[in-house]
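The sequence shown maps to residues 29 to 537 in my numbering. Virtual Cβ for every residue (Gly too), placed ideally from N, Cα, C. Encoded as structure tokens, the structure appears first; notes follow it.
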Amino acid sequence: MSWCRQPDGGDWYSLECEPSLGSTNGGGTPSWTPGTFEVHFLDVEQAHSHLFITPSGKTILIEAGETNWNSGQNAARIAANLQTILGHKHLDYIAVGHQHLDHIGYVGYGGIWALLEEHGVTAGALLDRDSGVWVDANHDNICDPDLEIVWHNAGTVSGTARNWLCYATDPSTIGGAIRQVLPIGSLIDFGDGVTMELVMQDAAGVMQSDGFTSVGGDHTAESLPPSENDYSQNWLIRYGSLDILTGSDTDGEYAVSSWSYTYNNIEAHVAAAVNQKIELLHVNHHGSSHSTGQAVLDVLQPDVAVISCGANSYGHPDQGVLDRLYGIGTDIYQTNLCDPTRDYSHVTITDGSFYLASTDGISYTVGGYASYVATDPVSYGPAGVLINEILLAPSSGGTEWVEFYNPTAQPIDISGTYVDDIAGGGGAAKLIPSGTVVPAGGYYVWETVSGFLNNSGDDVRYLAADGVTVYDSFSYGATGSNKSWYRTPSGGAWATTATAFSTKGATNP
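Take a look at the structure:
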């Protein structure tokens, strides 16, 4: 190992470097090529910072963390990288992610504060979350971080967050003058094929494990508050068919920490909001065991995952996270070795900053490592749902029912479609009510009073909202009481005989 400046000519790095005799030191990335969409994953060790550049040169810096509270080393490195990559140090947007040291730095020393106040970086807007605000209670124009912060959406709090709000909600500071808090669903259109959507922030709409207490709101006085990580911003950046999700330290489970705070499953709500396959996932919380669960990966199915981390005592990345990503065929890139006890046989360790590049929003490369092709996500409408099981001759007092099955990986709304019997005869078609959504891989059972379907034989048809187009149908003959016709297995071919062992709303044998 060697001691080095990162990037070349920058500050001396606090940790030992990989030797690079006669060539560039780690931590630098090439200058932006105009007309190219690029994402530079900056090596800031056990912290987060990545830079998006649109084909026309618009820029978004997501986070600028430090590894120590009284350090500004990463801010200096990020500023130098901006100059190298862009040829200037102006950003259109800076997004905070959430208010932990390794994501925003500590005011007065490093991070975003140092970029704006010490390193000549300028920005059009500072996109913050709504954790709270400084209220000058004694009217002395001096923020007391311990006494003058009014919390809005917060659980665990720290000196980092308190001092951040003193700075960022003070309109007389550079950061305070450009601070914005956007609502969920806000879409920034850069006008060159790139958009950036805020899909989660401040745990909007998420309940705690009891099912009725909101994660949002002021929980700072509670003995077991939510983690600050639960309030992380999640941004979905799109360029053509290329979709990238970055979610700071978003949690993905309900659990209680030994440090007297809770984790809440924000990832489930993010997955529901995105609800599609993506190309690249910036892995939450440096690959923590509390994030990047199987359920969210089953929805997102990323081709590429990036883990930003450094030497740490937290077990980042967790082996389970690495295994889950590899298990769905995701290529994993990691900025440093991080926890040396992990099995990295399926991980590309970049030993420094690296970048993604695309000129058309379809084909893209990751550093000098591999090339990929983005695809538009498949969107399924009501036609993706199948009739899966039918009970037409219930015992006295029972109801007839038609079970629908969604074989896709997306929830499907079938509101306004119809259940009908034989074409041109029988009873009137029955409307499926508004708000009927069949979950991915799940079931919906439509029921009606006995008498709609004939016991002696009939058709069951699933019709589009126009009442004419047939999505699916099944014809049956005379059927005994309490016997159902069914596909075997669910979504498969229809069985040749009815069964007395119905599986209403559940998997068929």
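6 Å Cβ shell around residue i - same chain, five flanking residues per side excluded
i	result
Ile335	Val311, Gly315, Pro345, Gln362
Leu119	Thr87, Leu89, Ala151
Asp158	His180, Asn181, Val209, Asp230
Gly343	Asp367
Ala523	Tyr514, Thr516
Gly533	Tyr471, Val473
Asn191	Val135, Pro173
Val327	Ala299
Tyr397	Thr376
Gln111	Lys117
Ser373	none
Phe529	none
Ala283	Tyr291
Thr248	Trp179, Ala182, Val185
Thr531	none
Strand pairing of residue i, partner residues [DSSP]
i	result
Lys458	Val447
Asp222	Position check: residue 222 holds Val in this sequence, whereas Asp was assumed. Note: Val222 sits in a beta bridge opposite Tyr267.
Val135	Beta-bridge pairing links Val135 to no other residue.
Ile122	Leu89, Leu154
Pro254	Thr290
Phe240	None; Phe240 has no bridge partner.
Leu143	DSSP lists no partner for Leu143.
Thr436	In the DSSP output, where bridge partners are listed per residue, Thr436 has none listed.
Thr516	Ala521
Leu384	Val67, Val394
Asp246	Ala182
Asp441	Val465
First and last residue of the uninterrupted beta strand (DSSP E) at residue i
i	result
Leu89	87–90
Glu295	From DSSP, Glu295 is part of no beta strand (DSSP E) but of the alpha helix (DSSP H) over 294–302.
Leu264	262–267
His310	308–310
Asp486	485–491
Ile206	That residue, Ile206, is in no beta strand (DSSP E); its alpha helix (DSSP H) goes 202–206.
Gln362	359–362
Asp500	498–505
Val327	Note, Val327: premise wrong, no beta strand (DSSP E); alpha helix (DSSP H) at 322–328.
Asn416	414–419
Arg33	No beta strand (DSSP E) holds Arg33; DSSP gives it neither H nor E.
His68	65–69
Glu475	471–477
Leu79	78–81
Trp567	With the chain covering only 29 through 537, there is no way to say anything about residue 567.
Ala526	Run containing Ala526: none; DSSP gives neither H nor E here.
Ala468	Where Ala468 is concerned, there is no enclosing beta strand (DSSP E), given that its DSSP letter is neither H nor E.
Ala231	Where Ala231 is concerned, there is no enclosing beta strand (DSSP E), given that its DSSP letter is neither H nor E.
Own chain, CB closer than 7 Å to residue i, minus 5 neighbours either side, in chain order
i	result
Gly412	Asn434, Thr436, Ile440
Gly204	Tyr195, Ala196, Thr197, Asp198
Tyr383	Thr57, Glu66, Val67, His68, Phe69, Gly395
Ile202	Leu144, Glu145
Asn166	none
Ser319	Thr278, Asp279, Gly280, Glu295, Asn312, His313
Val401	Ile390, Ser391
Ser423	Ser509, Asn510
Thr403	Ser269
Thr476	Thr427, Glu428, Lys458
Gly321	Gly280, Glu281, Glu295
Limits of the alpha helix (DSSP H) - the one that residue i falls within
i	result
Arg157	Unbroken run through Arg157: none, as it is neither H nor E.
Asp217	Run containing Asp217: none in the alpha helix (DSSP H); it sits in the beta strand (DSSP E), 215–217.
Trp192	187–196
Arg105	101–114
Tyr372	Premise fails: Tyr372 is in no alpha helix (DSSP H) and is neither H nor E.
Arg352	347–355
Same chain only: Cβ atoms within 8 Å of residue i, ignoring 5 sequence neighbours per side
i	result
Val161	Ile177, Val178, His180, Leu193, Thr197
Leu43	Residue confidence for Leu43 is low, a pLDDT of 49 falling below 50, so the modelled location carries little weight; the figure read from the coordinates is stated next. Once the five neighbours on either side are set aside, the close Cβ partners of Leu43 are Glu73, Gly338, Ala339.
Asn102	Val72, Glu73, Ala75, Ser77, Ala92, Gly93, Glu94, Thr95, Gly133, Gly138, Gly139
Asn416	Glu431, Phe432, Tyr433, Tyr471, Tyr514, Arg515, Ser518, Gly519, Asn536
Ser285	Ser255, Tyr291
Trp97	Leu129, Tyr134, Tyr137, Gly187, Thr188
8 Å contact criterion, which residue i and residue j should meet: CB distance rounded
i	j	result
Gly183	Pro253	3 Å
Leu491	Ala456	12 Å between Cβ atoms; not a contact.
Ala92	His147	Actually they do not touch by this definition, with Cβ atoms about 10 Å apart.
Phe480	Asp449	7 Å
**OP:** Decide yes or no for the touch test of the stretch 299–306 against the stretch 348–356: beta carbon pairs closer than 8 Å, at least 3 of them.
**Re:** When C-beta atoms of the stretch 299–306 are compared with those of the stretch 348–356, fewer than three pairs fall below 8 Å, so the two segments do not count as touching.
Original post:
Are the stretch 433–442 and the stretch 509–522 touching by the rule of at least three beta carbon pairs closer than 8 Å?
Top reply: Verdict: yes, contact present.
**OP:** Indicate whether the contact test is met: 3 or more Cβ pairs, each with one atom in the stretch 249–267 and one in the stretch 224–240, closer than 8 Å.
**Re:** Enough Cβ pairs lie closer than 8 Å, so yes.
Subject >> Stretch pair the stretch 122–130 + the stretch 418–433: three plus CB contacts closer than 8 Å >> reply: Touching, no, given that fewer than three Cβ pairs across the two stretches are closer than 8 Å.
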